[in-house]
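These notes concern the structure reproduced below.
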Amino acid sequence: MWTRRNVLKTLAAAGGMLATPATLRQAIGATAPDVILRLVAAPAEMAIRSGSETRGLRYTGEVLRGRGDAIRPSVGNLGPTLELRRGERVRIEVVNRTGDPTVIHWHGMIVPDSADGHPHQAVGSGGRYTAEFIVRNPAGTYLYHPHPHRITGRQTYYGLAGLLIVRDAREQDVGLPAPEHELALVLQDRRIGADNQFVFKRTMMDDMNGVLGDRVLVNGIDDAAFKVAPRPYRLRIANVSNARIYKLAWSDGRPLRAIASGSGLFSRAEGVQERPYLTLFPFERVELLEDFGARRDGAEIALVSGEFADVDDMMGSMMGQQSESGRRGGMGGMMGGMMSGGMMGGMMGGGMMGPSQGAKLHVARFTVSPGPRSRARALALPEPEPRVREGKYELRTELAFRHMRGFLNGRRFDAEDMMAVADDERLPVGEASVWTFDNDGGGAPMAHPMPHPVHIHGVRFRVIEHSSGSVPADLRDGMMDAGFKDTFGIFPGERVRVLVTPGVPGLFMYHCHNLEHEDGGMMRNCMFGPASMIGQGHG
Ligand code: C2O
Ligand code: CU
Ligand code: CU
1010 MWTRRNVLKT LAAAGGMLAT PATLRQAIGA TAPDVILRLV AAPAEMAIRS GSETRGLRYT
1070 GEVLRGRGDA IRPSVGNLGP TLELRRGERV RIEVVNRTGD PTVIHWHGMI VPDSADGHPH
1130 QAVGSGGRYT AEFIVRNPAG TYLYHPHPHR ITGRQTYYGL AGLLIVRDAR EQDVGLPAPE
1190 HELALVLQDR RIGADNQFVF KRTMMDDMNG VLGDRVLVNG IDDAAFKVAP RPYRLRIANV
1250 SNARIYKLAW SDGRPLRAIA SGSGLFSRAE GVQERPYLTL FPFERVELLE DFGARRDGAE
1310 IALVSGEFAD VDDMMGSMMG QQSESGRRGG MGGMMGGMMS GGMMGGMMGG GMMGPSQGAK
1370 LHVARFTVSP GPRSRARALA LPEPEPRVRE GKYELRTELA FRHMRGFLNG RRFDAEDMMA
1430 VADDERLPVG EASVWTFDND GGGAPMAHPM PHPVHIHGVR FRVIEHSSGS VPADLRDGMM
1490 DAGFKDTFGI FPGERVRVLV TPGVPGLFMY HCHNLEHEDG GMMRNCMFGP ASMIGQGHG
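In the working numbering, the protein residues as written are 1010 to 1548.
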């Protein structure tokens, strides 16, 4: 096992061998930051819907030095939006007044591990710390959220989360709508009691399936409505829900045109990706180019999450219908679908079973106001990024959920030794490696087949293979593997292979991003370093 000290020594010793990018050397050096921000996490009372205020947690922020527009205030219970520029040196002072330990992770951002927001970096309430990094990511839609072990789900649910948008001057040549014709939609499903208070965990089902809500807050607001001009918009959509998978669609049936994943624009070769609906797993983001000019003045359209067969098919697995065919087809599939989505929801809606995965949900309303019309321009998407040499290392991770707990290669996060890394959790920096994920189909006793959003810290990767045969038929057309990603969804019985090229050495993490699974220990460390650091038994 590698201890933290060990690792630092190895990384330092190998320093000469590492082709450290200039930006990284500057990050380690003492150059003064361009922007200094402060984020405070604290309890807050928020107007989420009409009636009494909702108690929760919230990030507030201010710019201490540099561009005043590096932080944009938000409404509802969402944290402010951080707007950073590629290449900028950023220092963020994090102040914890939550009453519990916390730490902030910059989801999707490639930062030194000292700034990554690993659970071992959490500070107690009343404490503060500083994160420092250079913005290396391409322009895109990233996130920040808490990452203390075991309470990430609770803190996020009560309101700690925000958008981190990276901008790049080069984006102006693409022909995208300007920032004033951009809308960001952060989707979070919640249960809200009659007194307007959040309802978090109620039953063991919440730990097992993840906490689901029966309504969707958009940017922290219930029943969000947007007035738009009859022209193209850039929509940044982020799923910041603890466990919910969305099947996003327009109420008028128009297809969605995706131009970016969470980690930058699609390349010219990939082009604009048109889908009848989009399947969005927790903490995935997608950017759309939506031409509201194609609708008549005064048109009212809604963004909805369409119904699909409940993939958290508790009843199915309890009744022993665990095979893919049993769950999807024939009597088993019918029973499962009826029980979980329809009948069970109807009989027990808001009761014992709570909201279900796959329920139809309203997301937001858009009204097209009359005005001068303009149509979408042709986009000049960027050239594909150069391919990186493929190395000989390969990792394999098997995901399983048994006895109510999630496992990665049979292991779980070690709260006693938070920096533990196994031999098969290391990758070389600067080479492309294939990392294969297999999701247990649930044949074993006490196994619970379920979908998992998988996330890797500190990298952007490409999905190179998705065994689409196991993706439920009613979600398949919405799967989006184009572009670079940091999070992907994997269904029971499925195999997903990603090509990942770590650029920054250090101790990072990979985990299920269903926040209840993550808090339950379905999370592990991974180490990126020089090839000499990688143990035997690889390749
Ligand atoms: Cu968005 Cu480790 O998390
Ligand atoms: Cu992350
Ligand atoms: Cu999971």
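C-beta: ideal position from N, C-alpha, C; glycine also.
Please classify residue i as buried or exposed, where buried requires at least 16 neighbouring CB atoms within 10 angstroms.
{"i": "K1494", "result": "buried"}
{"i": "P1481", "result": "buried"}
{"i": "T1111", "result": "buried"}
{"i": "V1084", "result": "exposed"}
{"i": "Q1181", "result": "exposed"}
{"i": "G1538", "result": "buried"}
{"i": "G1367", "result": "buried"}
{"i": "K1401", "result": "exposed"}
{"i": "D1426", "result": "exposed"}
{"i": "R1200", "result": "buried"}
{"i": "D1204", "result": "exposed"}
{"i": "M1213", "result": "exposed"}
{"i": "T1150", "result": "buried"}
{"i": "E1054", "result": "exposed"}
{"i": "T1161", "result": "buried"}
{"i": "T1139", "result": "exposed"}
{"i": "R1471", "result": "buried"}
{"i": "A1387", "result": "exposed"}
{"i": "D1432", "result": "exposed"}
Measuring from the CB of residue i, is there a heavy atom of ligand 1 at a distance below 7 angstroms?
{"i": "H1522", "result": "yes"}
{"i": "F1142", "result": "no"}
{"i": "F1292", "result": "yes"}
{"i": "H1464", "result": "yes"}
{"i": "H1156", "result": "yes"}
{"i": "M1518", "result": "yes"}
Could you check whether the Cβ of residue i sits closer than 7 angstroms to any heavy atom belonging to ligand 2?
{"i": "H1114", "result": "yes"}
{"i": "D1009", "result": "With the chain covering 1010 to 1548 only, the question about residue 1009 has no answer from this structure."}
{"i": "G1117", "result": "yes"}
Got a sec: does ligand 3 put a non-hydrogen atom nearer than 7 angstroms to the Cβ of residue i?
{"i": "H1457", "result": "no"}
{"i": "M1531", "result": "yes"}
{"i": "G1415", "result": "yes"}
{"i": "H1412", "result": "no"}
{"i": "H1526", "result": "yes"}
{"i": "H1461", "result": "yes"}
Can you confirm whether residue i, when its beta carbon is compared against all beta carbons of chain D, has any partner nearer than 8 angstroms?
{"i": "F1537", "result": "No chain D is present in this structure, which holds just one protein chain."}
For residue i, does the three-state DSSP call read helix, strand or coil?
{"i": "L1388", "result": "coil"}
{"i": "N1523", "result": "coil"}
{"i": "H1116", "result": "strand"}
{"i": "Y1242", "result": "strand"}
{"i": "G1345", "result": "Note that G1345 has pLDDT 37, beneath the 50 cutoff, so the model's placement of it is unreliable and no number is given."}
{"i": "A1050", "result": "strand"}
{"i": "N1251", "result": "coil"}
{"i": "G1077", "result": "helix"}
{"i": "F1500", "result": "coil"}
{"i": "H1514", "result": "Reading the sequence as shown, one finds Pro at residue 1514 and not His. Coil, per DSSP."}
{"i": "F1301", "result": "helix"}
{"i": "A1021", "result": "Unreliable placement is indicated for A1021, whose pLDDT of 45 sits below 50; the coordinate value is still reported in the next sentence. In the structure shown, A1021 sits in a helix (DSSP, three-state: H, G or I)."}
{"i": "Y1286", "result": "coil"}
{"i": "M1357", "result": "Unreliable positioning characterises M1357 in this predicted model, as indicated by a pLDDT of 37, which lies under 50. A coordinate reading is not provided."}
{"i": "Y1166", "result": "helix"}
{"i": "N1534", "result": "strand"}
{"i": "E1180", "result": "helix"}
{"i": "S1541", "result": "helix"}
{"i": "Q1206", "result": "coil"}
{"i": "G1339", "result": "Summary for G1339: the model assigns pLDDT 32, below 50, so the residue's position carries little reliability, and this model does not support an answer."}
{"i": "R1485", "result": "helix"}
{"i": "T1161", "result": "helix"}
Using only the alpha-carbon positions, how far apart do residue i and residue j sit?
{"i": "F1416", "j": "G1439", "result": "28 angstroms"}
{"i": "G1450", "j": "E1102", "result": "44 angstroms"}
{"i": "S1378", "j": "V1372", "result": "20 angstroms"}
{"i": "P1186", "j": "I1268", "result": "12 angstroms"}
{"i": "L1484", "j": "L1257", "result": "10 angstroms"}
{"i": "H1526", "j": "P1395", "result": "35 angstroms"}
{"i": "Y1519", "j": "E1309", "result": "41 angstroms"}
{"i": "G1380", "j": "I1143", "result": "41 angstroms"}
{"i": "S1059", "j": "Q1197", "result": "18 angstroms"}
{"i": "V1104", "j": "G1171", "result": "15 angstroms"}
List the whole-angstrom C-beta distance separating residue i from residue j, where the pair is believed to meet the contact cut-off of C-beta under 8 angstroms.
{"i": "R1411", "j": "A1453", "result": "6 angstroms"}
{"i": "G1046", "j": "Y1068", "result": "Note that residue 1046 is Leu in the sequence shown, not Gly. Not a contact, Cβ separation roughly 11 angstroms."}
{"i": "L1152", "j": "V1249", "result": "6 angstroms"}
{"i": "A1409", "j": "E1279", "result": "Not a contact, Cβ separation roughly 33 angstroms."}
{"i": "H1127", "j": "H1156", "result": "7 angstroms"}
{"i": "G1075", "j": "D1043", "result": "5 angstroms"}
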